[in-house]
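Asker: Take this structure, written in structure tokens, and hold onto it; I'll ask about it next.
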Ligand code: GLA
Ligand code: ZN
């Protein structure tokens, strides 16, 4: 991945020496060395410092910082500084300022504050990237590029409106096509001129209904979401191309936010433009570990299994939550190995030295306000840094392999949640998480795939709430199942095309043949209301009854075998779970949102049928993931419990990479501790029993 050879997991993070007197920098180098830091991200928010006016550029501080880091053996991840424009730019060129969802023109302030369609912003950000590339192209410290920072702000200004019309012309060609796609005969919206089209916000199509942002024209809002994701991506591409124009083999990335599930940006589409995925992850103490695991697996899926970078995390407390708890002893290590276990090749923090003033002065950092190494956080971080150093390249670049996948699609997410009815309780991420949890809690490894991904390398594909079926996708699924694959989808699938127009003739539209069913009606349940799945027979561990809720679809079999019926209500006795044989494979339909136990047993059954086994059977809250490299498997066992657990790891001996001890048979793992056991390929245990102490 890197031009310069990297021979270990990168360890470091955001470093802002420009906020500190020069003498502190030398102390930083001493502390970095103690902590095993070998990468520093520089220049993330220094635009105003680097460019004091329109024609002056001054990189003296950056030259010095780059040189110093190099002398001290620290790689540089170079920011382009374009995520916060200078005040002079906003004063002189107000087009860089955004207009918000309420239609208010913003003044200079905050960060992530530039309109993505501002000609001024585009010109100066591109120029900045080019100047940096020219200046540092041969700098020995330069390892990779960090363009902008956590891209994502949406804008509703006139420049964006004009660009939206251009984007629409490209997409639809004619207004007739657009009027059809948007269904504009509804509520008298027929457009006769492109200039009649305005951006969808609270001044136009959106309203606040029951504290929810609701659009009255799904097609318009959906296209705006696509357009904004594309506009912002164009800004990234302009900077990237400016860099690559000068350094063709530069490694260029930008950091993804919200632990990887940031709704406004289609990260599968973005991933194609990045050389490596970079993630910012800030889980809080109350976030279930399966939620972080899900996002880490999603990041691995964005570039088809490639390892990625953890670009930002926090060694201890955050500052932007209502209450910011300290990370308890051992937690930073445990969570760092969690992201490594699922595909990350770096651990990086925001930030290396805690700032003195402004918004983030209470945000945790490697070096605290105390300014020395004698702190709990520094000691823990240094231990981790030195562990990673000792581990060398053992796990670097290792892959995660599985034959099971979950489909994730940003456009589907937008469309489901823009839809008015049948319920506001349906949240795409929640449903994805439920199916993911069914894999996670059994230590069955699963990949995330996008709609462009190749299905042929999988045996089991799960597509929760596949509401929007894109052109050709039904055929792709049919081929997958005909060739022997097992497919699972759910209620509220096959409903619309890419324009959010309903596929007529009965739900689930284009998936009807594959699933062998017809859905006539969709019932929405109140939040506490439940129905039941009554199994007609025992399949694997599936038997008896299970709860279900959110939506209940009333369906008829058109050839599918009925596996379970509803247990109550006027549709009691109608099918809720079906399985259709299609070619050499089978396609399951789950017509409501079932409780965890049902999904766990369903996933266990279908994966087991295909020989996809749990990595290890462990007590509750003991997470297992496996990375493979050079004929070896590294089994990460993470004990998230507050009590020790005993796990059976097989009778062969295995080396624990962390404490260097050799283990076999029943082993104890301390509370919040982690082990990385090396197995030969053939010897990995699958589903052996275990005991909790
Ligand atoms: C984000 C930003 C960083 C910093 C952290 C604080 O991830 O990218 O600049 O503000 O949040 O948690
Ligand atoms: Zn704008």
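In this note's numbering, the protein residues as written are 3 to 695.
Backbone N, C-alpha and C define an ideal beta-carbon position, used for all residues, glycine too.
(1) Who pairs with residue 581 in a beta bridge, going by DSSP?
(2) For residue 101, verify whether its CB is less than 7 Å away from any heavy atom of the ligand ZN.
(3) If the criterion is Cβ atoms closer than 8 Å, does the pair residue 218 and residue 161 meet it?
(4) Curious, which full-length beta strand (DSSP E) runs of at least 3 residues does the region 347-371 contain?
(5) At which residues does the beta strand (DSSP E) containing residue 638 begin and terminate?
(6) Would you say residue 322 touches the ligand GLA, meaning its beta carbon is less than 7 Å from a heavy atom?
(7) Should residue 679 be labelled buried (16 or more other beta-carbon atoms within 10 Å of its own) or exposed?
(8) Report yes or no: do the region 480-487 and the region 300-310 share at least 3 C-beta pairs separated by less than 8 Å?
(9) Just checking my contact of residue 108 with residue 100 at CB under 8 Å: how many whole Å lie between their CB atoms?
(10) Comparing alpha-carbon positions, which option in 394, 321, 332, 562 lies nearest residue 359?
(11) List in chain order: all unbroken alpha helix (DSSP H) runs of 4+ residues lying wholly within the region 376-428.
(12) In terms of DSSP beta bridges, what is residue 521 paired with?
(13) Helix or strand or just coil, what does DSSP make of residue 90?
(14) Mind checking who residue 266 pairs with in its DSSP beta bridge?
(15) Tell me whether residue 355 is buried or exposed, calling it buried when 16 or more other Cβ atoms sit within 10 Å of its Cβ.
(16) For residue 203 and residue 209, what's the separation of their Cα atoms in angstroms?
(17) Can we count residue 119 as close to the ligand ZN, meaning its CB is less than 7 Å from some heavy atom?
(18) For residue 161, is the beta carbon positioned less than 7 Å from some heavy atom of the ligand ZN?
(19) To the nearest angstrom, how far is the alpha carbon of residue 662 from that of residue 385?
(20) Smallest Cα separation from residue 520: which of 529, 526, 509?
(21) For residue 414, I'd like the list of residues in its chain whose CB is within less than 8 Å of its CB, leaving aside the five on either flank, ordered along the chain.
(22) Using only alpha-carbon positions, find the residue among 149, 635, 654, 62 that is nearest to residue 398.
(23) Helix, strand or coil: how does DSSP classify residue 596 here?
(24) Could you check the C-alpha separation between residue 256 and residue 150 for me, to the nearest Å?
(25) Any contact between the region 412-426 and the region 376-392? By contact I mean 3 or more CB pairs, one from each, below 8 Å.
(26) Can you check which of these residues, 625, 373, 184, is closest to residue 296 by C-alpha distance?
(27) Can you find a heavy atom of the ligand ZN that lies under 7 Å from the Cβ of residue 237?
(28) Express the C-alpha separation of residue 426 and residue 403 in angstroms, rounding to a whole number.
(29) Under the three-state reduction of DSSP, which class applies to residue 438: helix, strand or coil?
(30) Comparing the CB of residue 282 with every heavy atom of the ligand GLA, is any distance shorter than 7 Å?
(31) Tell me the DSSP secondary structure of residue 173 in three-state form.
(32) Curious, which full-length alpha helix (DSSP H) runs of at least 4 residues does the region 186-255 contain?
(33) Strictly by DSSP, which residues pair up with residue 658?
(34) Smallest Cα separation from residue 603: which of 439, 239, 572, 621?
(35) Under 8 Å by Cβ, that's how I've got residue 15 and residue 352 pegged, so tell me the actual separation to the nearest angstrom.
(36) Decide if residue 28 is buried, meaning its Cβ has at least 16 other Cβ atoms within 10 Å, or exposed.
Answerer: Quick look at the numbers:
(1) Residue numbering aside, residue 581 sits at position 579 when the chain shown is read from its first letter. According to DSSP, which records beta bridges pairwise, residue 581 is partnered with 563, 590.
(2) Counted from its first residue, the chain shown places residue 101 at position 99. Because some heavy atom of the ligand ZN lies under 7 Å away, the Cβ of residue 101 counts as near it: yes.
(3) Position 216 of the chain shown holds residue 218. Position 159 of the chain shown holds residue 161. It is not a contact, given that the beta carbons lie outside the stated cut-off.
(4) Taking only runs of at least 3 residues, the beta strand (DSSP E) segments lying wholly in the region 347-371 are 348-351.
(5) Residue numbering aside, residue 638 sits at position 636 when the chain shown is read from its first letter. Counting along the chain, the beta strand (DSSP E) containing residue 638 begins and ends at 634-641.
(6) By one-based count along the chain shown, residue 322 stands at place 320. Annotation for residue 322 indicates a beta carbon within 7 Å of some heavy atom of the ligand GLA.
(7) For this step, residue 679 is matched to residue 677 along the chain shown. Classification of residue 679: buried, given that the 10 Å Cβ count is 16 or more.
(8) With a cut-off of 8 Å, the region 300-310 and the region 480-487 do not count as touching, because too few Cβ pairs lie within range.
(9) Residue numbering aside, residue 108 sits at position 106 when the chain shown is read from its first letter. Residue numbering aside, residue 100 sits at position 98 when the chain shown is read from its first letter. The pair is a contact, with the Cβ atoms about 5 Å apart (cut-off 8 Å).
(10) As a first step, residue 359 must be located in the chain shown, where it is residue number 357. For the residues 394, 321, 332, 562, the minimum Cα distance to residue 359 belongs to 321.
(11) Secondary structure in the region 376-428: the alpha helix (DSSP H) runs of 4 residues or longer, each lying completely within the stretch, are 378-393, 412-420 in chain order.
(12) As a first step, residue 521 must be located in the chain shown, where it is residue number 519. Looking at the DSSP assignment, residue 521 forms a beta bridge with 509, 557.
(13) On the chain shown, position 88 is the one that residue 90 refers to. It is helical.
(14) In the chain shown, counting from the first residue as 1, residue 266 sits at position 264. Residue 266 pairs with nothing; no bridge assigned.
(15) Mapped onto the chain shown, residue 355 falls at position 353. The residue is buried, with at least 16 neighbouring Cβ atoms inside 10 Å.
(16) The residue you call residue 203 lines up with position 201 of the chain shown. The residue you call residue 209 lines up with position 207 of the chain shown. Straight-line spacing of the CA atoms in residue 203 and residue 209 works out to 8 Å.
(17) To locate residue 119, count along the chain shown from 1; it is residue 117. At least one heavy atom of the ligand ZN is nearer than 7 Å to the Cβ of residue 119, so yes.
(18) On the chain shown, position 159 is the one that residue 161 refers to. Residue 161 Cβ: within cutoff of the ligand ZN.
(19) By one-based count along the chain shown, residue 662 stands at place 660. By one-based count along the chain shown, residue 385 stands at place 383. Distance between the alpha carbons of residue 662 and residue 385 is about 15 Å.
(20) On the chain shown, position 518 is the one that residue 520 refers to. Here the closest residue by C-alpha is 509.
(21) For this step, residue 414 is matched to residue 412 along the chain shown. Shown here for residue 414: same chain residues with a beta carbon closer than 8 Å to its own, the five before and five after excluded, namely 430, 467, 468, 469, 470 in chain order.
(22) Numbered from 1 along the chain shown, position 396 holds the residue referred to as residue 398. Per the Cα distances, 635.
(23) Against the chain shown, residue 596 aligns to sequence position 594. DSSP places residue 596 in strand when its eight states are reduced to three.
(24) Here residue 256 refers to the residue found at position 254 when the chain shown is read from its first residue. Here residue 150 refers to the residue found at position 148 when the chain shown is read from its first residue. Between residue 256 and residue 150, the alpha-carbon positions lie close to 7 Å from each other.
(25) Not touching, per the Cβ criterion.
(26) In the chain shown, counting from the first residue as 1, residue 296 sits at position 294. In terms of CA proximity to residue 296, 625 leads the group 625, 373, 184.
(27) For the purposes of this step, residue 237 is taken as residue 235 along the chain shown, with counting starting at 1. Answer for residue 237: no, Cβ out of range of the ligand ZN.
(28) Counted from its first residue, the chain shown places residue 403 at position 401. Counted from its first residue, the chain shown places residue 426 at position 424. Going from the Cα of residue 403 to the Cα of residue 426 covers about 36 Å.
(29) Taking the first residue of the chain shown as position 1, residue 438 is located at position 436. Here residue 438 sits in helix by DSSP.
(30) Indexing the chain shown from 1 puts residue 282 at position 280. Checking every heavy atom of the ligand GLA against the Cβ of residue 282, one is found closer than 7 Å.
(31) Position 171 of the chain shown, counted from the first residue, corresponds to residue 173. Residue state for residue 173 is assigned as helix, using DSSP reduced to three classes.
(32) Within the region 186-255, the complete alpha helix (DSSP H) runs of at least 4 residues are 220-248.
(33) Here residue 658 is taken as the residue at index 656 of the chain shown, counted from 1. Bridge partners of residue 658: 679.
(34) Here residue 603 refers to the residue found at position 601 when the chain shown is read from its first residue. For residue 603, the nearest C-alpha among the options comes from 439.
(35) If you number the chain shown from 1, residue 15 lands on position 13. If you number the chain shown from 1, residue 352 lands on position 350. About 6 Å separates the two Cβ atoms, so the contact holds.
(36) Working through the chain shown from its first residue, we reach residue 28 at position 26. Exposed, since its Cβ has fewer than 16 Cβ neighbours within 10 Å.
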